[in-house]
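The structure under discussion appears below in the form of structure tokens.
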Amino acid sequence: MKRFGILRRRAVGFLFVTVGILALTSYSSLVAQKAPATEKDVLQIVERCYQCHGEAQSGGLDLRTRAGMLNGGNSGPAIVPGHADQSLLIKRVSGEVTPRMPLGPGNPLTADEVAVLKDWIDHGAAGFSGAAAPTTSDLRGSGPQPAVVIPGYRERVINDKDRQWWAFRPPVRNAAPKVADARWTRNPIDAFIKSGLESKGLEPAPQADKRTLIRRLYLDLTGLLPPPEAVEAFVNDASPNAYEKLVDKLLASPNYGERWGRFWLDVVRYADSSGFEYDRNITDAWRYRDYVIKAFNEDKPFDKFIVEQIAGDELDSPTNDSLTATTYYRVGPRIRFREKQNPSNRYDYMDDMIRTTFQGFMGLSVNCARCHDHKFDPITRMDYYRSMAMFWGYVDYDTPLAPKADVERSEQIKVEVDRETAPLRAEIARIEQPYRDRDNKVRVEAALAKYPEDIRVAVRTPSEKRTPGQKLLVAQLQLNIDDPDVIIPVPVVPADDPNGTRRRRAMVKIDAADDAKRQALFRKIVQIEKKLPPPLPKANAVRDGDFWLAPDDLGDEQRAGNGRFSYDKTCCFVPKPGEHYEVPELRFAANGADFEADKKNVEVKPGFLTVLLNGKLPPASHVPNRPDYPTSGRRRALGEWIATAENPLTSRVIVNRIWGWHFGTGIVSTPNSFGKMGTAPTNPELLDWLATEMVRQGWSVKAMQRLILNSETYKMASSFYRDTNTEKDPKNVYLWKFPLHRVEGEIVRDIMLSASGQLNPQFGGKPFFPSIPASVRDAQPRGEWQLTKEEPATWRRGVYAYVQRGLRYPMFEVFDQPDLNVSCEARNVSTVPTQALTLLNNSFMLMQSKFLAERVWKEAGPDANEQIKRLYRITLSREPTRVELSLNEAFIQKQRLYALSRGNPSQDAAALAALMDLAQVLLDSNEFIYIG
Amino acid sequence: MNELNPSSKSKKPRFVSRRDFWMEAGMGIGGLALVDLLSRDQLLAAESGTACMGSSGPGGAESPYAPKAPHFKAKANAVISLFMCGGLSHIDTFQYKPALIKYNRTPLEGHGDIIVRQGNPGPLMMSPFKFKQYGQSGAWVSEIFPHLSTIVDDLAFIHSAKGTSNDHTLSHLEWNTGSILVGQPSVGSWITYGLGTVNQNLPSYVVLYDGRGGPYGGPQNWASGYLPAAYQGTVFRSTGDPVLDLMPSSEYTSLERERARLDQLAKINEEHAERYPGASELSARIASYELAYRMQGCAPEAVDLASESDETKQLYGLNEPATEAFGKQCLLARRLVERGVRFIQLISGAYVNTNVTAWDAHDSIDSNHRQHAKEVDKPITGLITDLKRRGLLDSTLVEFHSEFGRMPISQRGVGRDHNPGAMTIFMAGGGVPGGLNIGTSDDVGLNAEEQPVPVHDAHATVLHMLGLDHKRLTYYFNGRNMRLTDVAGELVPQITGTPKKA
């Protein structure tokens, strides 16, 4: 900033010197306007040219520096300092020379803007030196983030126009519009919607009938069917607040979180495994899933929910819940193999966090600015790295979820056990050593016999006489322990591996006496280890540390030649209580591919998205008031900044999601994208009203839902039709009826179980593995997935099913379960024949149809008429029509006769088979899996 | 209901009935007859076995598989990807490197730090296989591909293909999805998204993986990523029904009962749809059941080799144990292409025990590559020959690739480690000119040298042959128009016939 100030003063001085020789008209026009143009003024105009004449140097022209302007492009110099009239830049932007710049319709510079450029050139075209300018200073002080200019990068300057984008302006709370119809005045939402319908000439649907409403509420809020008795009770409840009571009851149901938590899990790309080759289990991911379900059930204020996920460990008083919340960082796709050989992975994981956090909480694709300033939105590459710096300290860290005393006691016992067993292990090793040596020798000899002659010669050649090539060969042979054929043998079953999974065939036999000694020692160790406490529950959490120094994991073994990088620092992975902690330095544009190149870039300090700061600057760290927990506090600052009411995006983004989860489509139909590539809100006044209301109601999700659910808008019939409406708004964008929509794959399965009466209600806990054919498992060589049977243990709700990135449960997958490697803003709803095949033939389906038939038989007795009615009440929450009754009676009769014609079943068995056929027809029906 | 839809009885028919739907979808009475409970056998007899042969399928414009026009005139309309899992050594198969003979067992120098996957870098190693030149084009082929060497003039080799990672899984993902990171749609997903399918009776994108097991990364290789799930690859199973849940388990029900259920379901769904005039998703779902029913007939027909002649079976090597498994896959691929399937991937090699079951020749180039080349050489040659004589090769792009090449230096003297810096891929058919040898790697085959072809270029080229511009084949996702080729991709001009980029 300072630099610009000096420029301005100089320019002013220059003006007074030259003013005397200017013609009177020029003098007056200059004075009448304002002070002469500064570099900053000019930059705000010229940067519009940078998309082509920046890095891209279209036509050979680079307008980022004065030198670039003087050198010009294919058509010659762009500027002649002191002579605007001779400058090609001016001729182009004024249209004097074609093509007029900037290219594209509706984009010419205004006369004022051209005047600024002229003024600046006439005054010598100062600035734009391209020299190193203020880099990101420590931003903990006050003052805006200056645009950065460094060699090779000139940060796009964010201007007022950028800040005028609707989603960057604070939400405005307009009063609900006046509408005439009393039905639409009780709830502000209705007034906004009705007013929109009126202006478009759309007729709203009448209220849906009570059976439709209760089914809608159950499916929407709990993802389960309403019990037939609940439907009857509601239909017969004549009290004026029967509906409101039902809404409250369902919002209070634990099943509510099981459905609504799942929506959030889509946003945060939740899975139980890490994907890639090893597709490793994230052991305690499910605790995070339960945390999310619980947060929805308890109506955790959404601002708190945000901060806990981003920085639950950095709070002043963290709780088990807030620590578990940070598993948010751990459930993304991670390679988790040979990480230390591939430092670029860390930057990809950062990208995952930036992507998920900004899309998920703020609807911004900050990730698009990874390699260059954002092409469409005012988000710079430096903003991207500033954001990365906010996350840069975090490391994966499993945190015990137990009182400190228990943790300490447990650690102490482990230390004791180790101390007692260490000498025994040493003794075992001593006994085994000669055998290992001999075994190794035998093994190498055996291996060598398999090699061609020239290799054997190389090995047998004395080392000083070996050629360079032979040296390499020999080095290789001795070092290859990856190879199961030339392995350092483990000729015994180690005590810590009683099942012998690591055991490999030994080439030499251990002497019986030695073996006896050894076994006795093993038994002692086993005895001592019985003292070990059961493992404490833990969260797959995060905390601040130095990720370069993470403990070795799969494939990270230090071994010559395996490409593992070494780092300068050796201490410490995580700081100890009371230690001073600094986040490792982060360099601009670093990507881990080339350490030396990365180091040449400037260091990046944490910061926030420039476009939202507008001169103000929130703190870049909020260190918790806990001396025993050294941490940077950056993530907390980030979380709090995202969750503040002043952030114009956060409240809009979440109310839009809630709206979309209820109605199938958000007011902004691209919930992860509120930037220029997203869609505009269909009802911006309503969106803003809801956003401000959410903050006013203490960020309560349920309060917003209560408002929505109790609105006339929500209660409209879906089976409403008007020619005129369809012509004007065929896609029901303005909500003239409730949108009919299909439930998600998990819910398809849940309501099957709900109908059959077989739903295992077990709430939370470790995931279950739904039953899949072995042939599906065969496609994925790795991962945790276990083959199970169809049985009550696997008939839990879909939200508890194990989510393996590399092996999807076919029934969910076919019903559009999202990829879950990146944030999912809204699920696709496709209709494909493989869905039909699943519902027709999957064993789960057939089994549940049978259970449903048995349930109906039990509840309705043997009369077909009664059975059909019961079946409709259970599956569709309504009575069958006369037509349906007769259609289905005929069907049952036909199927019964068919069954009797096959084999020799009893009358009852044939009738049950027929009923099962009808049960499956209803489970397959459109009405069953659509929210109407 | 009438109060809600007063117009449902008015002059304008809005209710899309099943009958209307079939009529609209061009199925006419034939489709209705099908729906009205003709038995499956009758269906096949009535349509003389052609019902499954890629006739235009119903599904309506709502279907994600509805055929879509390409961006420009296509040369190919189907792709068969032959993926060699484990890493095919280019310098032991299609790249003859005399320098390796000259400098055998001496250190590799002047190429910077060599990073290998396992152990220490060894000295250079010559190929254990003999090379000869073949055909008009004079392509070099080693002795382990004796059949393929006879058709080199039908093939366009790219000897300068390259990837970015020496990790099996990441490179699998790169070749199959364009990115080493998970979450991107696979090539087959992009293509079915871009073109739809002409045969709705079969899946549009079929994967047949090695009978020994799945590849590195498993189903992530044929995932649809952020594209709708409808575009993911469908695995055809090697035993039993080719498609998961194709048939009901006899434990619970029978096909006859299922057929009756389908008809009842249609009636119930029609009753329901009548309450929702114009709700196209409901009629699409009604249609999807009819399609499923057709698939039950067509999928088993597609994999039934009974009608193939002995001569054809022998051409693919079905009569020899070593070539039977992959030969069957190749023959299935041809049958699927005939039936209008858009994208088929055959995978040779499994992750189970990769030194043995995949092309991952760390242990020994000689034994590993001899075995795997034998498994695929005759079947692939048979496939290309068969496609050609049936007139299908012109419109079918066959692509042969692997996740990376292998190192010119040895691993433990006899094996080779991973090398993403250079590899050979080839394309044939689908308008690709034969007899081409494009690009080279350096003298030892460590890095692509002349005209390097990164993965995005290969993908752009494949899309181009299908009439798709890789820059225009986009899908809006999370604020961005995503592409298979991200922000890169250049056509290989010798293949596409487009002007060479300056």
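Protein chains in written order, with the numbering used here: chain A, 1317 to 2248; chain B, 205 to 706.
Ideal Cβ placement from N, Cα and C applies to all residues, glycine included.
Computed from a predicted structure; not experimentally measured.
Cβ of residue i within 7 angstroms of Cβ of residue j?
i	j	result
valine 1899 (chain A)	glycine 1709 (chain A)	yes
methionine 2127 (chain A)	threonine 2110 (chain A)	no
tryptophan 2052 (chain A)	leucine 1513 (chain A)	yes
threonine 644 (chain B)	serine 364 (chain B)	yes
threonine 1640 (chain A)	alanine 1959 (chain A)	no
aspartate 1632 (chain A)	proline 1940 (chain A)	yes
isoleucine 551 (chain B)	tyrosine 409 (chain B)	no
valine 312 (chain B)	tryptophan 563 (chain B)	As written in the sequence, residue 312 (chain B) is leucine, which differs from the valine given in the question. No, Cβ-Cβ distance for leucine 312 (chain B) and tryptophan 563 (chain B) is not below 7 angstroms.
proline 446 (chain B)	valine 507 (chain B)	yes
serine 1989 (chain A)	glycine 1679 (chain A)	yes
tyrosine 420 (chain B)	threonine 381 (chain B)	no
valine 1927 (chain A)	lysine 1847 (chain A)	no
Residues bridged to residue i by DSSP?
i	result
arginine 1839 (chain A)	DSSP output for arginine 1839 (chain A) lists no bridge partner at all.
glycine 1994 (chain A)	Glycine 1994 (chain A) pairs with nothing; no bridge assigned.
glutamate 654 (chain B)	B:Thr644
Would you please verify whether the beta carbon of residue i is less than 7 angstroms from any beta carbon of chain B?
i	result
valine 1333 (chain A)	Reliability fails at valine 1333 (chain A), whose pLDDT of 31 lies under 50, so the model's placement of it is uncertain and no value is given.
isoleucine 1406 (chain A)	no
proline 1659 (chain A)	no
threonine 2104 (chain A)	no
glycine 2114 (chain A)	no
aspartate 1767 (chain A)	According to the sequence provided, residue 1767 (chain A) is tyrosine. The question's aspartate does not apply to it. Chain B, which has a Cβ nearer than 7 angstroms to the Cβ of tyrosine 1767 (chain A), makes this yes.
asparagine 1796 (chain A)	Reliability fails at asparagine 1796 (chain A), whose pLDDT of 40 lies under 50, so the model's placement of it is uncertain and the value that follows must be treated cautiously. Yes, contact with chain B.
tyrosine 2037 (chain A)	yes
Am I right that residue i and residue j are in contact with their C-beta atoms under 8 angstroms? What's the rounded C-beta distance?
i	j	result
asparagine 281 (chain B)	proline 624 (chain B)	Not really, about 31 angstroms apart at Cβ, beyond 8 angstroms.
methionine 297 (chain B)	isoleucine 348 (chain B)	The identity of residue 297 (chain B) in the sequence shown is threonine, whereas the question assumes methionine. Threonine 297 (chain B) to isoleucine 348 (chain B), Cβ: 7 angstroms. Contact.
methionine 1706 (chain A)	leucine 1954 (chain A)	4 angstroms
serine 2087 (chain A)	glutamate 2106 (chain A)	5 angstroms
Is there a C-beta anywhere in chain A that falls below 7 angstroms from the one on residue i?
i	result
arginine 465 (chain B)	yes
isoleucine 451 (chain B)	As written in the sequence, residue 451 (chain B) is methionine, which differs from the isoleucine given in the question. Output row for methionine 451 (chain B): interface = yes.
threonine 558 (chain B)	no
leucine 495 (chain B)	yes
tyrosine 338 (chain B)	no
alanine 565 (chain B)	no
glutamine 549 (chain B)	no
glycine 693 (chain B)	no
Using a Cβ-Cβ cut-off of 6 angstroms (strictly less than) and excluding sequence neighbours within five positions of residue i, which residues of its own chain qualify?
i	result
arginine 1834 (chain A)	Ile1744, Ile1747
aspartate 1668 (chain A)	Gly1648
arginine 2058 (chain A)	Val2145, Ile2245, Tyr2246
glutamate 1736 (chain A)	Ile1844
Near residue i, what residues of its chain come up, given a Cβ to Cβ distance below 7 angstroms and the 5 sequence neighbours on each side ignored?
i	result
serine 1342 (chain A)	Residue placement at serine 1342 (chain A) is flagged as unreliable, the pLDDT there being 34, under the threshold of 50; a coordinate-derived value is accordingly withheld.
isoleucine 1598 (chain A)	Asp1588, Ser1589, Ser1590, Arg1646, Val1647, Asn1856
leucine 1488 (chain A)	The sequence shown places valine at residue 1488 (chain A), rather than the leucine named in the question. Result list for valine 1488 (chain A): Asp2004, in chain order.
alanine 2215 (chain A)	Pro2221, Ala2226, Ala2229, Ala2230
isoleucine 1505 (chain A)	Leu2002, Leu2023, Ile2024, Ser2027, Thr2029
tyrosine 555 (chain B)	Gly417, Gly418, Pro419, Tyr420, Ala562
valine 1890 (chain A)	Val1711, Tyr1713, Arg1859, Gly1861
Here's a check: name, in chain order, each residue in its chain whose Cβ is nearer than 8 angstroms to the Cβ of residue i, leaving out the five neighbours to either side.
i	result
phenylalanine 1508 (chain A)	Ala1492, Pro1493, Asn1999, Glu2001, Leu2002, Trp2005
threonine 585 (chain B)	His351, Leu352, Thr354, Ile355
Worksheet item: Of the residues that make up the stretch 468–482 of chain B, which ones have a beta carbon closer than 9 angstroms to any beta carbon in chain E?
Response: Structure shown: chain E not included; protein chains present are A and B.
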